[in-house]
Amino acid sequence: MFLTREQRRLPPEELGRFRVLVGTNLILLFVSLMNVVAGPLLSSAKWPVVFGLVMSVGWVSLLVFMRGRTSPRLPALLACGLFTASFSVLTYIVTTPGLSSPHESAPSAIALVPVLAVYLVGIRTGLLFTVLFCVNVGMLHPLYMSGFGTHHPIFLELHSWMNGVLDIIVLVLTWALSALFSSARDAANAAVRDSERKLASLLESTDDIVCSLDAQDRIVTINSAARRRFRDAYGREPRPGDTLAERASPEIRDNWQKTLALVRQGKPFRREVAYPLANNEILDLDMSLNPILDEHGQGVGVTLFGRDIRERKRAEARLDELHRGLVEASRRAGMAEMATGVLHNVGNALNSVNVSASLVSEQLRGSRLRMLSRAVDLMKEHVNDLPAFLSDDARGRQLPEYLASITQHLSQEHATMHEEMQRLIRNMEHIKAVVTLQQEHARSRGQVEPISVVELIDDALRLHATSFDRLGIRIQREYDELPQVPVDRHKLLQILVNLLTNARHALLESGRDAKLLSLRVRKGEDERLRIEVSDNGVGIAPEHMQRMFEHGFTTKKDGHGFGLHASALAAQEMDGRLSCDSAGQGQGATFTIELPLRSREMAG
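For the sequence shown, the UniProt record's numbering begins at 1 and goes up steadily by one.
Here is the structure:
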């Protein structure tokens, strides 16, 4: 009634001062009106009526003046000045010079001056009003009672001076206690503001949608990312007090309300949803809704976290398109062996993509945003006694440090996921490179041409570069200087890729910290080229050595058993051979490709 809507939306500290001002004004206005009404009944003197009327006008004017003000500072100064002046004047009105009085002022009443002054205008300004009132009651009023020495000697009536000293002590002690309380309150408020700044910084540092809703589904807090998404969808940014779905279609609004009702009952919600945007695009979100419960377990609000997954959807679509293109190319070629080889090599490259996607998924499942929700819930539980909670309660004192820890973890989480997404993009480029490389080598399928074996090995290593780096596999190269060798480029690349893939699996399963992959190229006996691929992985059991190149034989859980078999056949087609050697399980393995340095045509 006495405060405008804008004033009621002010921060709690400012709003509290306005409410104290209004309450104090109304109480003193009531006292002034009582003087006007009861004064003639209690005394024949006119001063109670006049004083009451003057003060009533003052308090009413102050109420009118403060209405619409956005800061309580000036109204508070005027109120403290009027309050101090009224009490000072009253001490002179109710006493007569030269007459004794057991106590000319009321300490219980004058104590209100420093209390209100410190709260409304601060410690230092409150001290000014306190000092002014101390001078009045401790010095001027005793002088006034002696008639400034005209009625009797100034210090004859010691009780007046003693009363003044008592009043000064009461005023100073009250100011000191109020100052201590105000300092503690300001420190608690500063801690709250610091926590709020950290929380706001945390919310604004993420590109994910973060907002909280009250029991009526109205927005309480919302970060800039959520405001941008809302603007893209509905043409304007939401404000606290709005509902998120108020501009949505009736169908979406109805589903949204049903979902929120279930969440408030304590049932978390997570789903990928799609919303149409104003530019006719579709916003794909990984949305998570969690209930905010009170101390009785009743739902009083909802926290919403949403992640824009349009890039992931587009990446998945590109992968699907790439896969379909490869399958269609294989179908048009009409060669099952070609289709198997291409898909196998692309599958090797996609393993790196799956690793990145799995890491991102693990980061999302283990996100610390839920810990942030708990902190918000804790602050909401103590919203009415937040300063006391932060300063007195053990959990409250740990809350700023807890929020700082969450901020640090979320920043690290954001950096990790950003790095993984960059790796995912690089892996996509690797997939494109695989396809391009396969296309280039496929054009020469069946053609024997002089090539640099070292460059072809490096091409095969590039297909695995990302996964090797992530797994910490060290590559050791030992290349002899050799001339170009006439071979079928496509077949040799297929063999190398399969051997490198098997070596990576062996190193991964070994659990070793120092993973080593060695590649050696040298000239063997009888004008033969030897390419050795060695690892210090799990090795090969003796009973498996004779079956390594059989079709369908595999020691891997998800293996298919045709990679090494196809590689051995490809080596035979180039007048070469593929062999393996291992000292046993846990001792690593070496695969050797032997090829002629000259083709049959050149030898003939």
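C-beta: ideal position from N, C-alpha, C; glycine also.
Just so we're clear, the structure is a prediction, and the values are computed from it rather than from any experiment.
- If you look at residue 589, you'll find it isn't in any alpha helix (DSSP H); it sits in the beta strand (DSSP E) that goes 589-596.
- The shortest CA-to-CA distance from residue 132 to any of 87, 161, 162, 158 is the one to 87.
- Residue 214 sits away from residue 225, with the two beta carbons spaced by 7 Å or more.
- Of all alpha-carbon atoms in 498, 568, 486, the one lying nearest the alpha-carbon of residue 528 is that of 486.
- Contact between the stretch 114-121 and the stretch 166-183 is present, with at least three C-beta pairs closer than 8 Å.
- Residues 406 of the same chain have their beta carbon placed closer than 6 Å to that of residue 372, with the five preceding and five following residues left out of the count.
- Counting only the Cα atoms, residue 539 lies some 13 Å from residue 517.
- Annotation for residue 91: the continuous alpha helix (DSSP H) segment containing it runs 73-93.
- Beta-bridge pairing by DSSP links residue 299 to 293.
- Remark: C-beta atoms of residue 313 and residue 284 approach each other more closely than 7 Å.
- Counted as a single uninterrupted DSSP element, the beta strand (DSSP E) harbouring residue 519 occupies residues 515-523.
- Comparing alpha carbon positions, the residue from 114, 218, 203, 210 closest to residue 168 is 114.
- In this structure, the CA atom of residue 585 is about 28 Å from the CA atom of residue 595.
- A check of alpha carbon separations from residue 451 across 597, 534, 556 identifies 597 as the nearest.
- From the listed residues 268, 18, 269, the smallest Cα separation to residue 4 is found for 18.
- Cα atoms of residue 396 and residue 383: separation of roughly 12 Å, rounded to the nearest angstrom.
- When the five nearest sequence neighbours on each side are left out, no beta carbon in the same chain lies closer than 6 Å to the beta carbon of residue 15.
- Between residue 503 and residue 535, the C-beta spacing is below 7 Å.
- Relative to the Cα of residue 22, the nearest Cα in the group 39, 72, 57, 471 belongs to 72.
- Restricting attention to 306, 134, 198, 350, the CA atom closest to the CA of residue 425 is found in 350.
- In this structure, DSSP gives residue 274 an extended state, which the three-state scheme calls strand.
- Beta-carbon to beta-carbon, residue 510 and residue 537 are separated by about 4 Å, close enough to satisfy the 8 Å threshold.
- Excluding residues up to 5 positions away in sequence, 292, 293 lie with their Cβ nearer than 8 Å to the Cβ of residue 377 in the same chain.
- Secondary structure of residue 238 (DSSP, three-state): coil.
- Pairing residue 549 with residue 568 gives a Cβ-Cβ distance under 7 Å.
- A Cβ-Cβ separation of about 11 Å leaves residue 410 out of contact with residue 199 under the 8 Å criterion.
- Of the other Cβ atoms in all chains shown, 16 or more fall within 10 Å of the Cβ of residue 490; this residue is therefore buried.
- The Cβ atoms of residue 35 and residue 59 do not sit closer than 7 Å to each other.
- DSSP places residue 194 within a helical segment (H, G or I) once states are collapsed to three.
- Residues 594, 595 of the same chain have their beta carbon placed closer than 6 Å to that of residue 576, with the five preceding and five following residues left out of the count.
- Put simply, of 92, 254, 456 the residue whose alpha carbon is nearest the alpha carbon of residue 495 is 456.
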